[in-house]
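Engineer: Have a look at this one before I ask anything.
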Amino acid sequence: MTPERRERLLSVLNKRQAGLTVVLENVEDPHNISAVMRTCDSVGIQEIYVLNNRIPRHKKWGARSSSSAAKWLTIHQFSDTAECMAALRQKYDKIFTTHLAADAVGLYEIDFTGSVALVFGNEHYGVTDEVRALADGNFIIPQVGIIKSLNISVACAVSIYEALRQRTIAGHYEKRNLPDGQFEELLEKWGFEEEE
C-alpha cells in the first residue's frame, strides 16, 4: 500500500462513527439499499443492519447506484427480528423507527450525539409493529407538501445528515470513534481493496 493510499484510508477511518447505524427492515429494492449504503459511507457510518423476515434475503445490492459502497461497509444481515434487535441493543443505546404515527416526534427533536440506531422500513408498509414495539421511540421528517412520504433512500439521507450535523457540532468527527481492533481490522482489509 502506498503512503498516499494509507493516508486516504486513515483519513476516512478516523471519521467513522461507531455510535450511529442504519437498519433496513424488509426494504425490497436493491437500488434503494445501495443508495442508502452510499449515503451511510458519506457520513461515516461503518455498520448497517439489513433485516429481511418478510422478503427473501438479498443476494447482491444494486452495484451501479452504490458505486461499490457495500465493500467499504460492515453489513449485518438478519432474518429474525428478535435476533436483530438484540444485536442492536448490545451496541446502541437508543433505537428509533421512522413511521408516521401519533406518537412520533420530529426529526430535529432526536439527539444524535449519543449511540443511536435508526430503523427504516419497507417501501410500501413501513416499519413493522413488531419492530416499533421494541424501539425506544418513533420520529418523522417534517414535511409541508401534499404527499407525506419520501423515498426510503431520501428519508435516510435527510435523517443521517441531521445526525452528521449534530455529531460534527459535538466534535465526534474530530477524534477517532471506532474501537482500536475494528479500526485496525478495517485498515488491513481496505488496504487490499482496489483503488476506487
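By the numbering used here, the letter at position 10 of the sequence shown is numbered 8, and the numbering carries on one by one without gaps.
We treat Cβ as the ideally placed atom computed from N, Cα and C, and that holds for glycine.
(1) Could you name the residues that DSSP lists as bridge partners for Ile93?
(2) Which of the three DSSP states, helix, strand or coil, is assigned to Ile108?
(3) For Leu98, which residues of its own chain have a beta-carbon under 7 Å away from its beta-carbon, when the five flanking residues on both sides are left out?
(4) Which residue marks the beginning of the alpha helix (DSSP H) containing Ile46, and which one marks its end?
(5) With DSSP as the reference, label Ile138 as helix, strand or coil.
(6) My guess is that Phe110 and Gly135 are in contact by the Cβ rule of under 8 Å, so how many angstroms apart are they, rounded?
(7) Check Ile73 in the structure and name its three-state DSSP category.
(8) Among Trp70, Arg130 and Glu160, which one has its Cα closest to the Cα of Leu184?
(9) Ordered along the chain, which non-local residues of its own chain (more than five positions away) have a Cβ less than 8 Å from that of Pro177?
(10) Nearest-angstrom Cα distance between Gly189 and Arg4?
Structural biologist: On the basis of the coordinates in this document:
(1) Ala115
(2) coil
(3) Ile138 and Lys146
(4) Counting along the chain, Ile46 falls outside any alpha helix (DSSP H), though it belongs to the beta strand (DSSP E) covering Glu45 to Leu49.
(5) strand
(6) Not really, about 13 Å apart at Cβ, beyond 8 Å.
(7) strand
(8) Trp70
(9) Ala16
(10) 7 Å
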